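Position one of the sequence shown corresponds to residue 7 (our numbering), numbered consecutively onward.
Every residue, glycine too, gets a C-beta built ideally from N, C-alpha and C.
Note that this is a predicted model, so its numbers are computed, not measured.
All remarks here apply to the structure that follows.
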Amino acid sequence: MYNVLIVDDEPWVAYGITHVIDWTSLGYNVIGEAHDGLSALQIIKEKKPELIISDIRMPGLDGIELLEQINLLQLETKVILISGYADFEYAQKALRLGAFDYLLKQVDKIKLTESVGRLSELLQQEREAAKGLDLFLDELFEWLEPDNRMTIGAILANKGVETPFPDYRFLNCLYSSQLPAASLAKDGTFELEGVIAIKVRTGLHKQSILLNYDESKYPLHFLNYMTDYLLDAQYIGISSLGQLTTPVARLYQESDIAVCTAALHQGAQMLTYKPFELSPQIRKGMLNLEVSIKEKTLEQIVSLLDRLCGTCKEQNLYIDQIAMIYNQIVSIIYKYHGGSNRIVEIEHLHYEHIARYYSSAESLFDRIKSSFDLLMDEEVHIHNVQVEKILEYIDSRFTEDLLFSDIAKHFKISIGYLSTLIKKETGMTYSDYIMNKRLSMAKELLVDASLSIQDIVQRVGYKDYFHFNKLFKKQFGITPSKYRKL
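Here's what the structure looks like:
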C-alpha cells in the first residue's frame, strides 16, 4: 500500500477528496488530512508518504511552496496539485518543479482515478528499479573497498560493458542540497563523442562516474565532458589516470579524497588527486606540538594548532593527509594524557568521517582544542535533569545533520564538557551514539521490503550510500542487502 496525504485549507474539500474514490482498492492508504501547508510539511517529514494531493492556494505555505520544500528535502514524495483556477502559469510552474499531475476543482472522480492509477504504475517501476540498483550498489560496494584489487577490465567484463578507449578516470561529484533530485543525471552507461560514461548515484547528493576516453589523442574530450555535463556539480573530485589493469577501488578512492578535499577547503570546484608528502614546516610544527602537549602549555598548544590549521589550508592539503595529521595529534594526546581525567576523550577519525562531521579545517582543529577544556576549569557541573534534556534533544533529532557544536551552543556548555557528558552517560562518543541509533533504526526498516535501501539510508539520516554500507557491515558483519535476505 502507498501512503497518501490530503492537503486543503477547506476541510470539506479535503474530506471530499478522501472519499471521492476507493483509495484502498487502488493500493493507497489515506494517512490523514492537513488544512495548511506548514502542518502538511511536518507530517511529510515525519511519515514520508508516497503521494500528496494538495490545493495550490493556501495561507502560510501554498501548494507550489510545499512542492519546493519537498524538493529541497530531497524526498521521493509525488505531488498532485489541484486548483480552482484554470491557470496555465500555475500548471507550468507545478510541472517544472516536478509535480506528477495538475487537476482542476471540483476534482473529477474519473480523472483522479486515472491519475493515481498512472502513479501506481510509476511507483511500482521505481521500486523494481530500486531493488535492482540495491543489488548493483551492494556489488559495487565490495569492488570499491580500499583493499579490493579487482581491476577495471575485470569489472567491465563481468558486467558485459565494452569500452573502446585506453584510459580511465573516476569522478566523484557532490551536488548542492538545494539541487532538485530530478536534475541529477540518470544512472547507466552513456556513449558520447569520444567518451564512455558509466554513472551511478552513490549518495543523496553524490554521483560517481567512470569515464573511458583517449588521453593522449583526444584530451579535450574529457574536458568537454566536464564542462558540458557537470556544471551543476558543486564540487568534483578527479582521480589520476588508469588503464584496464588498474584496481578500480584505487581510482574511486582518489576521486573521493579529491572531492571531499574540495568541499572541506571550499575552494575550486574541480580538484584532481595527486600524491602528497607532508612538508618540513608541518613536520616541525608536529614536533613542537608534541612537546607542548607533553608539558601542558595550553596557550602554546592553541597557538601551534592554529598555525598548523593555517598551514593545512595554505598548502591545500588533501583530506586524507589532514586526517593523518589529526590522528597523529590524537595519538600524542593519549600518549601523554591517556589516563588523565583532565583531558576530554577524543576519537581517531577516517577522512570520510571528517568530511561528514566537519565543514572546514578550522572546525576540525577546534575539536582538538576542545579536548583541553578541562585544563582551564576546575570541574564539570552538570545536573541530572540537564543530562536527560540533552539526550532527549539528541534522540529526537538523530536522523538530522545535528552538529556537535550546535548542541553545545544550544545548552550553553563547551564542546569538551558535552563530549565528556555523553561518554559518561552512554559509554560511547557522540558519533558512535548517533551511528548506533541510526543503524538500529535501519535494521528495523530493512524488514519492510517495500523500502529500497536508498530510501532507508535517507530516512536514518545518511547521504552517502557507500558510507552507510561500510558502517552497517562493520557494525553487524554483513551488508544491508544480505541482512535483508536473512
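Delimiting residues of the alpha helix (DSSP H) encompassing residue i
i: residue 309; result: 304-320
i: residue 175; result: Looking at the DSSP string, residue 175 is not in any alpha helix (DSSP H); the run it does join, the beta strand (DSSP E), is 173-180.
i: residue 391; result: 390-401
i: residue 368; result: 367-376
i: residue 69; result: 69-78
i: residue 162; result: 158-165
i: residue 150; result: Where residue 150 is concerned, there is no enclosing alpha helix (DSSP H), given that its DSSP letter is neither H nor E.
i: residue 440; result: 436-451
i: residue 54; result: Note, residue 54: premise wrong, no alpha helix (DSSP H); not H, not E.
i: residue 432; result: 421-432
i: residue 227; result: 225-235
Option in the options with minimal Cα separation from residue i
i: residue 468; options: 260, 68 and 437; result: 437
i: residue 324; options: 285, 429 and 342; result: 285
i: residue 272; options: 376, 367 and 466; result: 367
i: residue 411; options: 420, 128 and 124; result: 420
i: residue 487; options: 470, 214, 449 and 466; result: 449
i: residue 101; options: 70, 82, 429 and 257; result: 70
i: residue 120; options: 27, 229, 153 and 35; result: 27
i: residue 133; options: 480, 484 and 456; result: 456
i: residue 392; options: 408, 424, 81 and 373; result: 424
i: residue 357; options: 227, 164 and 330; result: 330
i: residue 22; options: 251, 39 and 458; result: 39
i: residue 265; options: 212, 413, 477 and 282; result: 212
i: residue 258; options: 405, 131, 151 and 103; result: 151
i: residue 226; options: 207, 201 and 242; result: 201
i: residue 332; options: 288, 428 and 418; result: 288
Local conformation of residue i per DSSP, three classes
i: residue 123; result: helix
i: residue 272; result: coil
i: residue 100; result: helix
i: residue 203; result: strand
i: residue 219; result: strand
i: residue 85; result: strand
i: residue 336; result: helix
i: residue 464; result: helix
i: residue 244; result: strand
i: residue 475; result: helix
i: residue 253; result: strand
i: residue 13; result: strand
i: residue 406; result: coil
i: residue 115; result: helix
i: residue 191; result: Low per-residue confidence applies at residue 191: pLDDT is 49, beneath 50, and the placement is therefore not dependable, though the value from the model is reported in the following sentence. Three-state DSSP puts residue 191 in coil, outside helix and strand.
i: residue 214; result: strand
Bounding residues of the beta strand (DSSP E) (the contiguous stretch that carries residue i)
i: residue 491; result: Where residue 491 is concerned, there is no enclosing beta strand (DSSP E), although the alpha helix (DSSP H) it sits in stretches over 486-491.
i: residue 283; result: First-last for residue 283: undefined, no H or E at that position.
i: residue 39; result: 34-40
i: residue 501; result: One cannot answer for residue 501 here, as it falls past the ends of the chain, which runs 7 to 492.
i: residue 60; result: 57-61
Residue environment, residue i, which counts as buried when at least 16 other CB atoms sit within 10 Å
i: residue 402; result: exposed
i: residue 124; result: exposed
i: residue 56; result: buried
i: residue 43; result: buried
i: residue 473; result: buried
i: residue 253; result: buried
i: residue 10; result: buried
i: residue 297; result: exposed
i: residue 18; result: exposed
i: residue 5; result: Not covered by the structure: residue 5. The range shown for the chain is 7 to 492.
i: residue 290; result: exposed
i: residue 3; result: Because the chain here runs from 7 to 492, residue 3 falls outside it and cannot be looked at.
i: residue 490; result: buried
i: residue 441; result: buried
i: residue 167; result: exposed
i: residue 153; result: exposed
i: residue 433; result: exposed
i: residue 256; result: buried
i: residue 7; result: exposed
Inter-residue CB distance, residue i and residue j (contact presumed, cutoff 8 Å)
i: residue 88; j: residue 111; result: 6 Å
i: residue 178; j: residue 246; result: Between residue 246 and residue 178 the Cβ distance is about 13 Å, and since that is not below 8 Å, they are no contact.
i: residue 276; j: residue 244; result: 6 Å
i: residue 6; j: residue 237; result: An answer regarding residue 6 cannot be provided, because it is not within the stretch 7 to 492 covered by the chain.
i: residue 352; j: residue 339; result: 7 Å
i: residue 58; j: residue 83; result: 6 Å
beta-carbon residue i near the ligand MN non-hydrogen atom, thresh 6 Å
i: residue 75; result: Looking for the ligand MN in the displayed structure turns up nothing, as the structure carries no ligands at all.
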